[in-house]
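In this note's numbering, the protein residues as written are 640 to 1013.
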Ligand SMILES: *Cc1c(COP(=O)(O)O)cnc(C)c1O
């Protein structure tokens, strides 16, 4: 059994995909080919945004937005303590300081009350200027943007949606990657919409901002003269082959969201009452980047992982270490006990196999072995 089955998906779309990729190779427009603009148009329409700017990966997507917003030294950027490292790494990269915020243990997303506390503490300390909050749509479920915006508006923060795992999910009827001032996603192969290498995208409704993002993406170039560099940018393009792959994957994406949901429903029905099952809020849908349960202790989790491994059932721990305890952020002074909900999640969470080609029989097998191991 595989944790994420990309082979099954490839079989589904092979005929068209092979042809499209070979067409790109034969056509010779490896960078900025027509597939890229076709994809950007399609993704913007899909999420309900005016502009989509593709780029090299989901980490660069976040960096490019922070650069466009002029974030730098002395600025505080609020990020959930429980996320992939990149969400906070990009903040440090542009010279600003990440300020960590605890999560809602039921959804694993940023907790608005903790955000308010963190902003107020930062203001009181007076060393950093609160500028941005980056909610993450963790495991596929959008964060609670109404609650985040209530705090953001009060303190004049911009909101950047890290939708690397969220693409395909919805919040109160609106699609992920349309929920904040700017939004980003990642096309890393294991994400809900993944390519066959690295890729990412940024979404915005502002034409001026889209132009700025496009300029930063290619060495800060002047849109009318590429050898006139008007600002410091970077080199972060999505290549044409990856755009061709993503266009083919978009053909089956909605169908895959349905089968992911069926797999999640099946897990939840079979596991309810045995372990803590993930909560999707009433007005949300998840793209189920991960199906993550919680156990009662690290010891119980270790036991479950070992027993499932004996049955060739792979599991993953996303994430074993909170950001405030990462070695790279040691200088920020984080201590064990600072963020109790995040630490509880890190100690007890376990992600089970999840992909669109997982059927009820496979889910039942996983759940049976899991229950036996408790
Ligand atoms: C994967 C991921 C990223 C980074 O995306 P890459 O394409 O790997 O650079 C950023 N944030 C979150 C939450 C992610 O899961």
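Using N, Cα and C, we set each Cβ at its ideal position, and we do this for glycine too.
Distances from the CB of residue 775 to the heavy atoms of ligand 1 include at least one below 7 Å. Beta bridge pairing from DSSP links residue 814 with 809. Of the other Cβ atoms in all chains shown, 16 or more fall within 10 Å of the Cβ of residue 748; this residue is therefore buried. DSSP places residue 911 outside any beta strand (DSSP E), giving it a letter other than H or E. Rounded to whole angstroms, the separation of the alpha carbons of residue 919 and residue 929 is 12 Å. At least one heavy atom of ligand 1 lies closer than 7 Å to the C-beta of residue 697. No heavy atom of ligand 1 is found nearer than 7 Å to the CB of residue 717.
Spatial neighbours of residue 851 in its own chain (CB-CB distance under 7 Å, excluding positions within 5 residues in sequence) are listed in chain order as 707.
Taking all protein chains shown into account, residue 998 has fewer than 16 neighbouring C-beta atoms within 10 Å of its C-beta and is therefore exposed.
Residue 995 is a Cβ neighbour of residue 898, given a cutoff of 8 Å. In the three-state DSSP reduction, residue 1009 falls in the helix class (H, G or I).
Note: residue 840 is bridge-paired with 693, 824 in the DSSP secondary-structure output. Residue 804 counts as buried, since no fewer than 16 other beta carbons sit within 10 angstroms of its beta carbon. As summarised for the segment 964-1013, the continuous alpha helix (DSSP H) elements at least 4 residues long and confined to that stretch are 979-987, 999-1012, given in chain order. The beta-bridge partner set that DSSP reports for residue 715 consists of 736, 769.
By the CB criterion at 8 Å, residue 838 and residue 877 fall inside the cutoff. The secondary-structure analysis by DSSP pairs residue 797 across a beta bridge with 771.
For the set 931, 891, 816, 797, the Cα lying nearest the Cα of residue 653 is the one of 891. In the structure shown, residue 889 falls within a helical segment according to DSSP collapsed to helix, strand and coil. CA-to-CA, the gap between residue 642 and residue 1001 works out to about 12 Å. Residue environment: residue 661 is assigned as exposed (fewer than 16 neighbouring CB atoms within 10 Å of its CB, all protein chains considered). Assignment of residue 874 by DSSP, reduced to helix, strand and coil, places it in the strand class. The segment 879-890 and the segment 669-688 touch, with three or more beta-carbon pairs separated by less than 8 Å. Secondary structure note for residue 958: it is in no alpha helix (DSSP H), with a DSSP letter that is neither H nor E. For residue 932, the enclosing beta strand (DSSP E) has its first and last residue at 930-933. At the C-beta level, residue 663 and residue 717 stay beyond 8 Å of one another. Between residue 1006 and residue 906, the gap from beta carbon to beta carbon is short of 8 Å. Assignment of residue 744 by DSSP, reduced to helix, strand and coil, places it in the coil class. Annotation for residue 685: no beta strand (DSSP E) segment contains it, though the alpha helix (DSSP H) segment containing it runs 673-686. Taken through DSSP and simplified to helix, strand or coil, residue 884 comes out as helix. If you look at residue 756, you'll find it in the alpha helix (DSSP H) that goes 751-764. Following the DSSP letters along the chain, one finds residue 649 inside the alpha helix (DSSP H) bounded by residues 645-666.
Contact annotation: residue 981 and residue 720 have beta-carbon atoms nearer than 8 Å.
In the DSSP secondary-structure assignment, residue 915 is bridged to 933. Not one heavy atom of ligand 1 sits closer than 7 Å to the Cβ of residue 900. Scanning its chain for C-beta atoms nearer than 8 Å, with the 5 sequence neighbours on each side dropped, one finds around residue 785 the residues 811, in chain order.
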